[in-house]
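S.K.: Heads up: the protein sequence lines correspond to chains A, B, C and D, in order. Letter by letter, the first sequence follows residues 7 to 351 of the numbering used here. Letter by letter, the second sequence follows residues 7 to 351 of the numbering used here. Letter by letter, the third sequence follows residues 146 to 481 of the numbering used here. Letter by letter, the fourth sequence follows residues 146 to 481 of the numbering used here. Ideal placement from N, C-alpha and C gives every residue a C-beta, glycine not left out. Pasting a structure below so you can have a look.
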Amino acid sequence: MTNESTSRTLTMAQAISEAIGMEMERDSRVFYMGEDVGKYGGIFSATTGLLDKFGPERIMETPISETGFLGTAVGAAAEGLRPIAEIMFVDFFGVCFDQIYNHLAKNTYMSGGALKFPAVITTGIGGGYNDAAQHSQCLYSIFAHVPGLKVVVPSNAYDAKGLMIEAIRDDNPVIFMYHKGIMGLSWMSYFEGSTNAVPEESYTIPFGKANVIRQGTDLTIVTLSQMVQKSLLAADKLAELGISAEVVDLRTLVPLDKATVLKSVAKTGRLLVADEDYLSFGLSGEISSIVAENLDTLQMKAPVLRLAVPDVPIPFSRPLEQFAIPQVDSIVDSARQLMNAKAFK
Amino acid sequence: MTNESTSRTLTMAQAISEAIGMEMERDSRVFYMGEDVGKYGGIFSATTGLLDKFGPERIMETPISETGFLGTAVGAAAEGLRPIAEIMFVDFFGVCFDQIYNHLAKNTYMSGGALKFPAVITTGIGGGYNDAAQHSQCLYSIFAHVPGLKVVVPSNAYDAKGLMIEAIRDDNPVIFMYHKGIMGLSWMSYFEGSTNAVPEESYTIPFGKANVIRQGTDLTIVTLSQMVQKSLLAADKLAELGISAEVVDLRTLVPLDKATVLKSVAKTGRLLVADEDYLSFGLSGEISSIVAENLDTLQMKAPVLRLAVPDVPIPFSRPLEQFAIPQVDSIVDSARQLMNAKAFK
Amino acid sequence: MEPSSEKLLWMYKTMIEIREYEEAMVKVYLEGKLPPKIQKGLAFDIGAGPVPGEMHLAAGQEPVAVGVCAHLHAEDSVVGAHRPHHFAIAKGVRLNEMTAEMFGKVTGLGRGKGGHMHLFDPKVKFSCGGIVGAGAPQACGAALAAKKMGKDWVAIAFFGEGAANQGAFHEALNLASLWKLPVLFVVEDNSWGISVPKSMSTSVASNADRAAAYAMPGIRVDRNDAVDVYMAAGEAVARARRGEGPTLIEVKTDRYLGHFQGDPEAYRPKDEAPTLRKDDPIPALGAMLRSRGLLNDETDAGIRAEIAARIEAAYEFGRSSPYPEASEALQHVFSS
Amino acid sequence: MEPSSEKLLWMYKTMIEIREYEEAMVKVYLEGKLPPKIQKGLAFDIGAGPVPGEMHLAAGQEPVAVGVCAHLHAEDSVVGAHRPHHFAIAKGVRLNEMTAEMFGKVTGLGRGKGGHMHLFDPKVKFSCGGIVGAGAPQACGAALAAKKMGKDWVAIAFFGEGAANQGAFHEALNLASLWKLPVLFVVEDNSWGISVPKSMSTSVASNADRAAAYAMPGIRVDRNDAVDVYMAAGEAVARARRGEGPTLIEVKTDRYLGHFQGDPEAYRPKDEAPTLRKDDPIPALGAMLRSRGLLNDETDAGIRAEIAARIEAAYEFGRSSPYPEASEALQHVFSS
Ligand SMILES: Cc1ncc(C[n+]2csc(CCOP(=O)(O)OP(=O)(O)O)c2C)c(N)n1
Ligand SMILES: Cc1ncc(C[n+]2csc(CCOP(=O)(O)OP(=O)(O)O)c2C)c(N)n1
Ligand SMILES: [Mg+2]
Ligand SMILES: [Mg+2]
């Protein structure tokens, strides 16, 4: 490298707003729309400081009209602009999903490739701070299920910056989902591992490359977003118990890096999926099926174990929420359970 | 049985409207809302004849305001009525999903069980008749992914009647999804196996009981809805090739009858999932993971095979659509492939 | 329809109860959320303390709640939004159970599962929710049920001026008018949708002007005044009970506190809230009651003491009630 | 702004082209769909024949398309809905490629992937879609882009009176007014949303009356007449180009055919469509042209012959073009 890179420690929120700001400076077609993204700087601080820098024409405050402004993003993207639109909480997708999955995601296909839709949708996900059933969901598997959307779910500031720049430069719709509990907000406790060294300069992280964030030999924990941080803490505890866990951070769900998962599971023979989404018909099933589909080459030492929200709405009360959302200790317990299990011989 | 039961051959559409009519007669709290459900009798004939019988107060024509009338169903159900609301095509769920998954599905939970929401949502699913990307989807796994909804996906008239009566009597929100290509409509080709003998009297089919609709020994085809009919035809062809396929019709996704799937796969050692939904992050992953999670008791003879729409929007053009949606021949081919595969030894 | 002395007193008392409830919550909510007992570096921890999660308080917005609910019975339905306490209290929601819910306790309205934004009290037909605009069609459902059952019950959807730009508003108002449903849509115009002023969210000065788009009456109440709201709502409720259909009412009101507790309010002119408090509707109604001889220092003190006791009891109930068992998380997904 | 002779002639020709295109489609669409060549027992098979799937035709609704599009250039955007041909033709969409798209051919606008409800022609900035109401906000996006790029381009959202009850309508109109976007919302009031009459879907007699809810001008064109539409749209387009913001226009029009081809229309008074055809806007405009000396039997025949040839060529192009390879189904999910 000829350039000397300087890096500072940033929170994930700072990394994200920095990435957006850099791309807005670089490309005048990029603009941002959403609720409370201006003076407030975004409820989860994804746009802090950007209004002052770019003004209200490019950091556009919207009414509470998600269908209205997401449809606006669809139309603007078709014209060659590069909108970023924020759905404050992913939980609100139900009022505007049509614009996303029937139009933004499909118009390139339906036009036979004649049109591009370079739009990014940013949104806050996850629970753990008692915001209850309508403000604590992950739902990424729904976005990953419908074709035509790329789905990005970073676990730390470094990745978030590189993935955000990649997202803005991608000519396709990307949904960029940040877990509130790793943003490093001043008003919510967060996992400190998510706040890390971030180079000042611009860089991209390619989609579809999972990150083996910790090497191990006994079992593979496939995970993403905040759960990566929980899994790393769990891996520390497991190491004390003599169990060597490999942690795979998926980073993006679409594209999905099955090869890295497969390689890791081939090595360890055990798979634990650690997920904050609802258990059934979602991410953990998709990851498990990587094993099921590769029983010809994989020699599993134990059945796959899925740890996720047990198909209940996220409850408000602290003990209930802690029970419903997988915690560091439940990852540890599941890993131990996995080490004691046996596959059919 | 003391009662003599009379049965006639009905199309699935006839069975559904008969079931609705019988329950409306039995229980004055039941009413139906939707677009074109009155004089038209429902675009997919789910309400044929009901307006004449019950009048416009109970067969309520709505504006094209899905959020409006689904929210109305939420409010009416809380008051003790038993609304049935039709979303003409499931593809339109994106304009109104909020009312369904954030309210209808969660209010019982959030009220700690204090409130019941006895509502049924009916909707048409599936492709195969060139209605393209916004009118041909299945999407059942999205409804099955979010907690609080029961999901019913019948494959034939007999089941449809029993499941619809069960749905209307259930005190919880149920989404009842009928594939257009098995309704027996006079304007769309359909699979004749779906039109079968239906008793005149009232009966229910419990949720969560998959139906082993054809016995076999070599492989298990787990499937649902129209794909059941395709799988049965494929099983006939496979029999000619000396392959004995067991066909499991899931009937409901929530609750999901994992035990029946497991029992069948334990017997055959091979699993093919035949699904018309998108491949990734959905039904076929969930079913595959039943195998992955039971590697301690299952001795698989081959890896699991998933046949589904390969993560593309449903294309309009006939050859493309036939390619994208699994057909009888692709089920046959997949089954043969499965018979030639080997699990790790 | 002028309010009777009884109604005036009820509105006065209820406004005090709401205000005191909210002011008490301001304090309780902060417990355990400030340094040094939280993660190092944080200014505030939303998930800590006895009442965690978001908290939207309604101090200043009492008139709209009492002015409308003064016309209601237990059988009438109220659907609130994310800022629900004033409506809940005015509708007669059980205060102990409501408070326990916000403490996440098993004695709460929803056994601790719903929390502050999701309060359900079937006994007085109160509900609310955290998705902006979603309540409007649900109120139509309650109104439709009343109509189908041949009752003269009405339903009220309360929501903010920000919510009036959500598609659900449009669909609900159209349906209500088309089906002549006994429902009132009551817009609380507190000028703000979080940090967004009405002028940046709403293309029309008054939402009352949107009523014509649905051929229904639209009324703008221009003062944050319980009696003014009472009079506007009275005629609308009466119309609804007579089977003459819905009404849209927008009430000018004031949000004294942040959007949620912990809101830095950097977007808000520093002196706005203090200035607004000069027009506090509670002393205003108190003065009117005094001028009519319905209140004096002594009765006022009595009212306040009684309310203070009730509120203290409610917080004490919430605080001292037990948490649900963790495994209760798995229950009540479906009712059986 | 009265239309020039040139515009009048263009509108006349374009209306004929639309009508002839639709009438030709009525026939082509039926090919292969009737007994005995289909599944036994069926009356009709929607998935059979060279042009399968749903088919929504616009015969009778030509005036709204030509009256508005007469004011547009290639750079202006048009977003149509599920019934798109009249708008597409009036906007200058490539007829051969559009037709090939409906035959599912690789030469189609979307290489056969979109079909009749999903026509995209970036050359003239035309798009449409099958979800009722969804186009309105998308037109706002095109208008916002024009504004951001400093162009005087406008965007038009065309949709039916049924669609005006969808939440997206409300959100889009509010945004457009708030941001002063150069966009027209044009409601085609053909009295029906499939089988539902306007009186059962819409609480207000004219959607133009809804414009006030967004502080924008609302115009109702009461006759299914190209010149009337032209005049209303002209002023609105000019306003938009001047940066003065959006307009809502509702045009009374007539749907001569079923909602889709194959619609049994049991809900419709038997004589409605034939009666409507008595006020056919095409001969009406023809008569006006003749009275002004702009048309005679000979030139009319010439116009019609030229159009017939173009339409025949388009259908022939569609019919004779090759299908895409089946595996093309896997392409174009993402652009690269
Ligand atoms: C559909 C949806 N979008 C956004 C939000 C986030 N949100 C919660 S409250 C709020 C502002 C609401 O403003 P208003 O309706 O005026 O009510 P107020 O808070 O002033 O009482 C927003 C944007 C939400 N809960 N739901
Ligand atoms: C959100 C949504 N709901 C329902 C439908 C089904 N649908 C298609 S066209 C139509 C009627 C549309 O009526 P209108 O807007 O008046 O247009 P017209 O057909 O009269 O041209 C309906 C209900 C749809 N496509 N999208
Ligand atoms: Mg407000
Ligand atoms: Mg219409």
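What residue does the beta strand (DSSP E) around phenylalanine 182 of chain B start on, and which one ends it?
M.R.: Looking at the DSSP string, the run of the beta strand (DSSP E) that includes phenylalanine 182 of chain B is 180-185.
S.K.: Can you name the residues of chain B whose CB is closer than 7 Å to the CB of aspartate 317 of chain A?
M.R.: What aspartate 317 of chain A touches in chain B: Pro153.
S.K.: Is the beta carbon of asparagine 335 of chain C within less than 7 Å of some heavy atom of ligand 3?
M.R.: Asparagine 335 of chain C: yes, Cβ under 7 Å from ligand 3.
S.K.: Between which two residues does the alpha helix (DSSP H) containing phenylalanine 232 of chain D stretch?
M.R.: Where phenylalanine 232 of chain D is concerned, the enclosing alpha helix (DSSP H) stretches over 230-236.
S.K.: Just to check my reading of the structure: valine 267 of chain B and isoleucine 293 of chain B have Cβ atoms closer than 8 Å, yes? What is that Cβ distance to the nearest angstrom?
M.R.: About 7 Å; that satisfies the 8 Å criterion.
S.K.: Of all Cβ atoms in chain C, is any one closer than 8 Å to the Cβ of leucine 285 of chain B?
M.R.: Leucine 285 of chain B does not count as touching chain C.
S.K.: Flag this pair as yes or no: are the beta carbons of tyrosine 135 of chain B and proline 414 of chain D separated by less than 8 Å?
M.R.: Cβ atoms of tyrosine 135 of chain B and proline 414 of chain D: not closer than 8 Å.
S.K.: Identify every residue that forms a DSSP beta bridge with glutamate 395 of chain D.
M.R.: Beta-bridge pairing links glutamate 395 of chain D to D/Val332, D/Arg365.
S.K.: Sorted by chain position, which residues of the same chain lie with C-beta nearer than 8 Å to glutamate 24 of chain A's C-beta, five sequence neighbours on each side aside?
M.R.: Leu16, Lys167, Val204.
S.K.: Taking only runs of the beta strand (DSSP E) that begin and end inside the segment 38-114 of chain A, which ones reach a length of at least 3 residues, in chain order?
M.R.: Runs of the beta strand (DSSP E) inside the segment 38-114 of chain A: 65-67, 88-95.
S.K.: For aspartate 339 of chain B, I'd like the list of residues in its chain whose CB is within less than 6 Å of its CB, leaving aside the five on either flank, ordered along the chain.
M.R.: Result list for aspartate 339 of chain B: empty, nothing under 6 Å.
S.K.: Once the 5 residues before and after glycine 44 of chain A are set aside, which same chain residues still bring their CB inside 6 Å of it?
M.R.: So the qualifying residues of the chain are Leu57, Ile65, Glu67.
S.K.: Can you find the residues in the same chain that come closer than 8 Å, C-beta to C-beta, to threonine 8 of chain B, ignoring five residues on each side of it along the sequence?
M.R.: The pLDDT assigned to threonine 8 of chain B is 43, lower than 50, so where the model puts this residue is not dependable; a value taken from the coordinates is nonetheless given after this. Here the set comprises nothing.
S.K.: Expressed to the nearest angstrom, what Euclidean distance is found between the alpha-carbon atoms of glutamate 461 of chain D and alanine 91 of chain A?
M.R.: Roughly 44 Å between the two C-alpha positions.
S.K.: Taking 8 Å as the cut-off, decide whether the C-beta atoms of isoleucine 127 of chain B and isoleucine 70 of chain B are in contact.
M.R.: No, they are not a contact pair.
S.K.: What is the DSSP secondary structure of lysine 156 of chain A, counted as helix, strand or coil?
M.R.: DSSP places lysine 156 of chain A in strand when its eight states are reduced to three.
S.K.: Just to confirm the assignment, what range does the alpha helix (DSSP H) spanning arginine 386 of chain D have?
M.R.: Unbroken alpha helix (DSSP H) run through arginine 386 of chain D: 371-386.
S.K.: Relative to ligand 4, is the shortest distance from any of its heavy atoms to the C-beta of glutamate 199 of chain D smaller than 7 Å?
M.R.: Answer for glutamate 199 of chain D: no, Cβ out of range of ligand 4.
S.K.: Using a Cβ cut-off of 8 Å (strictly closer), state whether alanine 82 of chain A contacts chain D.
M.R.: Output row for alanine 82 of chain A: interface = yes.
S.K.: Is glutamate 167 of chain D near ligand 4, going by C-beta to nearest heavy atom under 7 Å?
M.R.: Because no heavy atom of ligand 4 lies under 7 Å away, the Cβ of glutamate 167 of chain D does not count as near it: no.
S.K.: At a cut-off of 7 Å, would you count valine 70 of chain B as near ligand 2, judging by its Cβ distance to the nearest heavy atom?
M.R.: Valine is not the amino acid found at residue 70 of chain B; the sequence shown has isoleucine there. Because some heavy atom of ligand 2 lies under 7 Å away, the Cβ of isoleucine 70 of chain B counts as near it: yes.
S.K.: Does the separation of the CB atoms of glycine 390 of chain D and leucine 318 of chain D fall below 8 Å?
M.R.: Cβ distance not < 8 Å, so glycine 390 of chain D and leucine 318 of chain D don't count as in contact.
S.K.: Would you decide whether lysine 270 of chain C is buried or exposed? Buried here means 16 or more other CB atoms lie within 10 Å of its CB.
M.R.: Its Cβ being crowded by 16 or more others within 10 Å, lysine 270 of chain C is buried.
S.K.: For isoleucine 131 of chain B, does the three-state DSSP call read helix, strand or coil?
M.R.: Strand.
S.K.: Of the residues that make up the segment 271-293 of chain D, which ones have a beta carbon closer than 8 Å to any beta carbon in chain C?
M.R.: Those would be none; no residue qualifies.
S.K.: For glutamate 470 of chain D, does the count of other Cβ atoms within 10 angstroms reach 16, so buried, or fall short, so exposed?
M.R.: So glutamate 470 of chain D counts as exposed.
S.K.: Inspect the beta-carbon positions of valine 263 of chain A and alanine 314 of chain A and report whether they are closer than 8 Å.
M.R.: Per the sequence shown, residue 263 of chain A should be read as aspartate rather than valine. No, Cβ-Cβ distance for aspartate 263 of chain A and alanine 314 of chain A is not below 8 Å.
S.K.: For valine 234 of chain B, which of helix, strand or coil comes out of DSSP?
M.R.: Of the three classes helix, strand and coil, the one that applies to valine 234 of chain B here is helix, per DSSP.
S.K.: Could you check whether arginine 386 of chain D and aspartate 297 of chain D sit closer than 8 Å to each other, using their CB atoms as the reference points?
M.R.: Their beta carbons are under 8 Å apart, which means aspartate 297 of chain D touches arginine 386 of chain D by this criterion.
S.K.: Cα separation between glutamine 105 of chain B and valine 96 of chain A?
M.R.: So the alpha carbons of these two residues sit roughly 15 Å apart.
S.K.: Would you say histidine 477 of chain D reaches chain A, if we count a Cβ-Cβ gap shorter than 8 Å as a contact?
M.R.: So yes, histidine 477 of chain D belongs to the interface.
S.K.: Would you say proline 124 of chain A and glycine 154 of chain A are within 8 Å of each other, going by their C-beta atoms?
M.R.: For proline 124 of chain A and glycine 154 of chain A, no; Cβs fall outside 8 Å.
S.K.: Hey, is the segment 255-274 of chain C in contact with the segment 222-232 of chain C, meaning 3+ C-beta pairs nearer than 8 Å?
M.R.: Touching, yes.
S.K.: Closer than 8 Å between beta carbons: that is the criterion. Which residues of the segment 459-478 of chain C meet it against chain B?
M.R.: Residues Gln476, His477, Val478.
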